[in-house]
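Input: a single structure, listed below in structure tokens.
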Amino acid sequence: MEMFAVFGNPIEHSKSPLIHQMFAEQIGVSLEYQKILSPIDSFEQNVVNFFSQGGKGANITLPFKERAYQLVSELTDRAQICGAVNTIMKLDDHRLLGDNTDGMGLLLDLQRLEFIHSNSKILIIGAGGATRGALLPLLEYGCHITLTNRTFSKVERLVEQFSGIGHIQGREICQIASAEFDLIINATSSGVNGEIPEISPDIFSSEVACYDMFYQNTLTPFLSFAGEHKTKIVADGLGMLVGQAAFAFKLWHGILPEIAPVLSILQRELRI
181 MEMFAVFGNP IEHSKSPLIH QMFAEQIGVS LEYQKILSPI DSFEQNVVNF
231 FSQGGKGANI TLPFKERAYQ LVSELTDRAQ ICGAVNTIMK LDDHRLLGDN
281 TDGMGLLLDL QRLEFIHSNS KILIIGAGGA TRGALLPLLE YGCHITLTNR
331 TFSKVERLVE QFSGIGHIQG REICQIASAE FDLIINATSS GVNGEIPEIS
381 PDIFSSEVAC YDMFYQNTLT PFLSFAGEHK TKIVADGLGM LVGQAAFAFK
431 LWHGILPEIA PVLSILQREL RI
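Residue numbers (this note's numbering): 181 to 452.
What follows is the structure, encoded as structure tokens:
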């Protein structure tokens with residue numbers, strides 16, 4: 181039986197074992213998938229040990245994605261551009277291949293929700309690893325991206341890096357005060373602490389869709405705030421979680437599983 185795992189700290193909340201077991205059932209394979217709580221100072225050794233003991237693939241979550249990027253011996257093009265790895269596969273020659281499926285998972289979910297089209301004007305709040313992973317697929321899809329962040333120097337670096345791929349610009353948070361976007365994405369970790377990004381409520385309207393990469397069993401703080409200011413079309417990041425897992429599963433097994441039935445089960449479990 182092939183062995184897989186997800187590494188993180190914390191990790192107890194992870195839905196990855198459940199998701200991958202449901203994917204495996206779809207295609208009739210058996211696998212073992214475990215959660216591994218890695219101490220901050222021994223992540224690399226834990227990953228090496230897992231693969232040396234027969235591991236086939238691993239998912240990487242916070243706070244280790246950048247360190248996984250440094251650890252692997254080969255990178256996919258999208259992982260190279262993102263500068264972060266959320267999926268590792270052991271190759272036949274025992275080298276470790278790093279990929280980043282976060283952005284593809286996001287794009288797949290936004291398409292499922294019918295939140296975007298090829299010329300959508302999107303505001304992304306945040307300039308950290310989550311944004312970095314999302315930019316390549318969205319820009320290649322044809323979206324027009326505006327980035328904003330409390331620390332604007334981070335925005336400037338991302339705009340410089342991705343400007344050759346598609347339409348992208350940066351704006352100071354204080355300069356964004358009107359509903360000029362088709363979609364607003366919260367890519368900050370503010371929801372983890374029950375907070376919202378420092379944004380003007382004037383950016384919301386009944387015509388704007390809002391998406392939060394964070395998810396919980398109730399409406400996230402960002403989506404609640406958007407709803408209080410006219411927004412009616414909202415979604416959290418649970419679908420992105422399932423989407424990125426599906427692309428990781430495809431890397432390991434060569435088949436893209438069906439996402440809808442898995443997402444439906446997770447949604448029911450979370451809302452109970």
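For each residue, glycine too, the CB sits at the ideal point set by N, CA and C.
Just so it is clear, the structure is predicted and the values come from calculations on it, not from any experiment.
Cβ neighbours of residue i in the same chain (closer than 7 Å, five flanking residues each side left out)
| i | result |
| --- | --- |
| residue 409 | 381, 384 |
| residue 224 | 247, 251 |
| residue 406 | 384, 390, 414 |
| residue 368 | 305, 306, 377 |
| residue 199 | 422, 425, 442 |
| residue 398 | none |
Cα-Cα separation, residue i to residue j
| i | j | result |
| --- | --- | --- |
| residue 394 | residue 403 | 10 Å |
| residue 271 | residue 301 | 39 Å |
| residue 378 | residue 274 | 46 Å |
| residue 297 | residue 355 | 25 Å |
| residue 372 | residue 214 | 24 Å |
| residue 325 | residue 233 | 43 Å |
| residue 331 | residue 281 | 26 Å |
| residue 189 | residue 343 | 33 Å |
| residue 186 | residue 314 | 20 Å |
| residue 235 | residue 269 | 9 Å |
| residue 359 | residue 375 | 22 Å |
| residue 341 | residue 432 | 29 Å |
| residue 197 | residue 329 | 33 Å |
| residue 253 | residue 357 | 45 Å |
| residue 257 | residue 451 | 37 Å |
| residue 242 | residue 448 | 25 Å |
| residue 195 | residue 418 | 10 Å |
Under 8 Å between C-beta atoms of residue i and residue j
| i | j | result |
| --- | --- | --- |
| residue 263 | residue 337 | no |
| residue 303 | residue 231 | no |
| residue 240 | residue 266 | yes |
| residue 307 | residue 279 | no |
| residue 202 | residue 445 | yes |
| residue 238 | residue 228 | no |
| residue 222 | residue 244 | no |
Contacts around residue i, its chain only, beta-carbon distance under 6 Å, and the 5 residues preceding and following it disregarded
| i | result |
| --- | --- |
| residue 346 | 319 |
| residue 210 | 181 |
| residue 295 | 363, 389 |
| residue 365 | 304, 391 |
| residue 416 | 392, 395, 400 |
| residue 429 | 203, 437 |
Helix, strand or coil at residue i according to DSSP, with G and I counted as helix
| i | result |
| --- | --- |
| residue 334 | helix |
| residue 428 | helix |
| residue 362 | coil |
| residue 303 | strand |
| residue 273 | coil |
| residue 313 | helix |
| residue 353 | helix |
| residue 199 | helix |
| residue 187 | strand |
| residue 215 | strand |
| residue 297 | coil |
| residue 390 | strand |
| residue 322 | coil |
| residue 182 | strand |
| residue 373 | helix |
| residue 340 | helix |
| residue 239 | strand |
Proximal residues to residue i (C-beta, below 8 Å), its chain only, five neighbours per side dropped
| i | result |
| --- | --- |
| residue 339 | 327, 348, 349, 350 |
| residue 321 | 287, 296, 298 |
| residue 255 | 249, 265, 277, 278, 279 |
| residue 386 | 410, 411, 412 |
| query | Below 8 Å, can you find three or more Cβ-Cβ pairs linking the stretch 421-436 to the stretch 286-294? | reply | Touching, per the Cβ criterion.
| request: Evaluate the contact criterion for the stretch 436-443 versus the stretch 197-216: three or more CB pairs, one atom per stretch, below 8 Å. | output: With the cut-off at 8 Å, the stretch 436-443 and the stretch 197-216 touch.
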